[in-house]
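One structure is given below, encoded as structure tokens.
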Amino acid sequence: MAMEGSESVRNGPSSEVRQTQSSPRKSTPPPGNEDKGTHLRFLLSNAEAGSIIGKGGSTINDIQSQSGARVQLSRSYECFPGTSDRIVMVSGTVDDVLKAVDLILSKLLDEFYVENGGEMDPESKTRLVVPNSSCGGIIGKGGAIIKANLFEHAVYDYQFGSFYILLKPN
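All residue numbers for the sequence shown refer to the UniProt record's numbering, where the first residue is 1 and numbers rise by one.
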């Protein structure tokens with residue numbers, strides 16, 4: 001998968017890959033964050049991805065400069081298997097990644113939120129991409145972590161084997 005901002009570029013849906021000359025991008029996070037080992041991946045619709053990118057990349061650049069994290073999106077024709085959703089990858093320190101995710105979720109809630117009616121806070125569904133090897137740590141033995149209410153709004157879809165957590169920004 002070629003992420004926007006990477007050096008590999010795909011031409012349409014074919015598998016042909018060519019190298020392009022890398023030019024400095026305004027979307028690179030500021031230097032000085034040494035520990036860039038945290039990565040978080042989640043899925044967004046094309047409309048949501050467009051909102052996060054913003055006109056001319058302005059929104060994604062703002063998110064990166066405010067958080068210090070790097071935010072990359074798959075190209076519009078590169079969807080997560082079995083979905084029509086694009087992949088978002090946020091990289092940086094734990095604090096930087098959390099700040100970027102908070103900014104992204106806030107933006108999505110502002111533009112795409114679902115009102116539950118009454119005085120409840122708006123909600124948005126976000127699908128995290130979690131490796132199979134990490135799912136046990138999220139669910140816990142016998143579902144202990146879920147049962148302990150660490151995830152206030154967790155849903156497991158048994159039909160598709162998917163695990164969802166409804167996320168809200170701080």
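Even glycine gets a Cβ: it sits at the ideal position worked out from N, Cα and C.
Report, in whole angstroms, the separation of the C-beta atoms of residue i and residue j, which I expect to be a contact under 8 Å.
| i | j | result |
| --- | --- | --- |
| residue 196 | Leu43 | Because the chain in this structure spans residues 1 to 170, residue 196 falls outside the shown range and cannot be described. |
| Asp96 | Ser67 | 5 Å |
| Ala69 | Val90 | 5 Å |
Where residue i and residue j are concerned, what is the direct C-alpha to C-alpha distance, given to the nearest angstrom?
| i | j | result |
| --- | --- | --- |
| Ile53 | Ser84 | 18 Å |
| Asn132 | Ile139 | 11 Å |
| Ile60 | Gly136 | 32 Å |
| Gly50 | Ser65 | 18 Å |
| Tyr113 | Gly37 | 31 Å |
| Arg41 | Val71 | 10 Å |
| Leu105 | Gly82 | 23 Å |
| Asp62 | Leu103 | 9 Å |
Just mark residue i as buried or exposed, buried being the case when its beta carbon has 16 or more other beta carbons within 10 Å.
| i | result |
| --- | --- |
| Asp110 | exposed |
| Lys55 | exposed |
| Ala144 | exposed |
| Gly142 | exposed |
| Val94 | exposed |
| Gly92 | buried |
| Ala100 | buried |
| Ala47 | exposed |
Going by DSSP, what residues sit across from residue i in a beta bridge?
| i | result |
| --- | --- |
| Leu40 | Val90 |
| Arg70 | Ser91 |
| Thr83 | Per DSSP, none; premise fails for Thr83. |
| Val129 | Arg41 |
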